[in-house]
Amino acid sequence: MEQINNLYRSILSRTSTKFLRFLYHEINPDNRITAIVGPRGAGKTTLLLQIIKLKLPVNETLYIGADNIYLTDKNLFEFAQNFSNRGGKFLFIDEIHKYANWSKELKMIYDYLPDLRIVFTGSSILDIYKGYADLSRRVLTHYLPGLSFREFMEMKSGIQIPVQSFDQIIQNKFEFEGFKPLELFQEYLKFGYYPFFKEPGYLEKLNNTINLTIETDIPSHSGMNAATVNKLKQLLFVVSQSVPFKPNLTKIAEIIGIGRNQITEYLKLFERTGLILQLRESTRGIRLLGKVQKIYLYNPNMIHLFAEGIPNTGNIRETLFLNQMSLKNKVFSSKEADFTIGKYTFEIGGKSKKSNQIINLENAFIVKDDIEYGFGNTIPLWVFGLNY
């Protein structure tokens, strides 16, 4: 335990609190069990350590990675019990999916150590949700995506802008001064979605992150062999060269050489692990999910990674809108334009985009790239990057 504590204190001392993610302000570590999930590379470990450093008494808190060798000959419950007996109140466990039977032992901690609070992270979202079967409704789950454009500006240049709600955005009255958003926005679209953008070799790291998801996270959840993993890679490549598109699953199945139903399942796995976004039609009644109308890569940086030549600008714009707005809003396809959110319709385009498509629609907006300020029912695309 002393070695773990020393390692924890060393890591904590090196953790910067200069920049805080939006989710930092939403997490209350006093809940019995809190989960932070999200795609690889989103910054979950840093967030854990910042919560400890700024919100909790260090002497009553402990941080450990679930793959720590200390846990190879001790089970998680015994470790937590030992910590609790020494006066520990808050146990933070990083990458919990790397510990076998984690969900059953968390349930034991919940049942038998009522004074201990647990906060854990997991990058293998599939394994985390699978483990929830043992935990029922005991876990309060938070999702940490990559950086919003707002967060990127603060992290890169120290520009601090309050979060803009959906209602504030469509009021189209956002004012700013002291910075040039369009230049920063173009940087963000290329290399700003993940917090490791400050490190060299960004696209290489992004590629490694995607490979880990395909080669490790998905197979460990679904029991896939190497041949199937290759099919997954082939499918993601086919998607990346076609997005955004209305999925022709039969055609894709023929190209890859697997069944149509398998394609559907693989796309669901891609969606849940932060590799793609699936835009669905709005639905009512007993249907929980509408039909998929378009498939996009998960964020604009991935478009630049996979692009063979110059990326499609329209694809980047639509991907940005869907990626940034779908965290806090239900975004659906539109028969008349690109997207709907509630009763509002949005058509995405460049500076010269005309309003012909929405001219007869109520509550409709043109979202334009390459403009700094909004006017009338025209809203700058970059402003939608301020929603979290």
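Just so it is clear: in the sequence shown, position 172 is 1152 by my numbering, and no numbers are missing. We put the beta carbon where it would ideally sit given N, CA and C, even for glycine.
- Of all C-beta pairs linking the segment 1068-1080 to the segment 1097-1109, three or more are shorter than 8 Å, placing the two stretches in contact.
- The straight-line gap separating the alpha-carbon atoms of residue 1311 and residue 1019 is approximately 20 Å.
- When secondary structure is reduced to three states using DSSP, residue 1125 falls in the coil class, being assigned neither helix nor strand.
- Here the alpha carbons of residue 1358 and residue 1364 stand approximately 12 Å from one another.
- For the pair residue 1048 and residue 1030, the Cα-to-Cα distance works out to about 20 Å.
- Residue 995 and residue 1026 have their C-alpha atoms roughly 7 Å apart.
- Only residues of its own chain outside the window of five on either side were considered, and among them 1325, 1338 have a CB closer than 6 Å to the CB of residue 1344, listed in chain order.
- Membership of residue 1276 in the beta strand (DSSP E) is indicated by the continuous run 1272-1277.
- Under the three-state reduction of DSSP, residue 1111 is assigned to helix.
- Per the Cβ contact rule, the segment 1032-1047 is not in contact with the segment 1199-1214 (fewer than 3 Cβ pairs under 8 Å).
- A Cβ-Cβ distance of about 28 Å is found for the pair residue 1005 and residue 1106, leaving them out of contact under the 8 Å criterion.
- Residue pairing by DSSP puts residue 1258 in a beta bridge opposite 1275.
- The secondary-structure analysis by DSSP pairs residue 1325 across a beta bridge with 1320, 1344.
- With at least 16 other beta carbons inside 10 angstroms of its own, residue 1346 counts as buried.
- The beta carbons of residue 1126 and residue 1173 sit closer together than 8 Å.
- Annotated as proximal: residue 1055 and residue 1085, with beta-carbon spacing under 8 Å.
- The Cβ atoms of residue 1122 and residue 1104 do not sit closer than 8 Å to each other.
- With a contact defined as Cβ atoms closer than 8 Å, residue 1341 and residue 1301 miss out at about 17 Å.
- Ranked by how close their Cα comes to the Cα of residue 1013, the residues 1065, 1116, 1063 have 1116 in first place.
- For residue 1097, no alpha helix (DSSP H) run applies; the uninterrupted beta strand (DSSP E) run containing it begins and ends at 1097-1102, by DSSP.
- Selection 1259, 1250, 1154 evaluated against residue 1224 yields 1259 as nearest (Cα-Cα).
- Counting C-beta atoms within 10 angstroms of its own C-beta, residue 1220 has 16 or more neighbours from the protein chains shown and is therefore classed as buried.
- The beta-carbon distance between residue 1194 and residue 1216, rounded to whole angstroms, is 7 Å. This is short enough to meet the 8 Å contact definition.
- C-alpha of residue 1269 to C-alpha of residue 1038: approximately 44 Å in a straight line.
- Only residues of its own chain outside the window of five on either side were considered, and among them 1029, 1032, 1033, 1038, 1043 have a CB closer than 8 Å to the CB of residue 992, listed in chain order.
- When DSSP states are grouped into helix, strand and coil, residue 1237 belongs to the coil group.
- For residue 1350, same chain residues with a beta-carbon under 7 Å away, outside a window of 5 residues either side, are 1162, 1330, 1331 in chain order.
- For residue 1313, the uninterrupted beta strand (DSSP E) run begins and ends at 1311-1313, by DSSP.
- Runs of the alpha helix (DSSP H) spanning 4 or more residues and lying entirely within the segment 1156-1204 occur at 1161-1171, 1182-1192, 1198-1202, in chain order.
- If you draw a straight line from the Cα of residue 1187 to the Cα of residue 1247, it is about 19 Å long.
- In the three-state reduction of the DSSP assignment, residue 1014 falls in the strand class.
- In the structure shown, residue 1073 adopts extended strand secondary structure according to DSSP, grouped into three states.
- About 3 Å separates the beta carbon of residue 1111 from that of residue 1083, a gap short enough to meet the 8 Å contact definition.
- Remark: C-beta atoms of residue 1226 and residue 1273 approach each other more closely than 8 Å.
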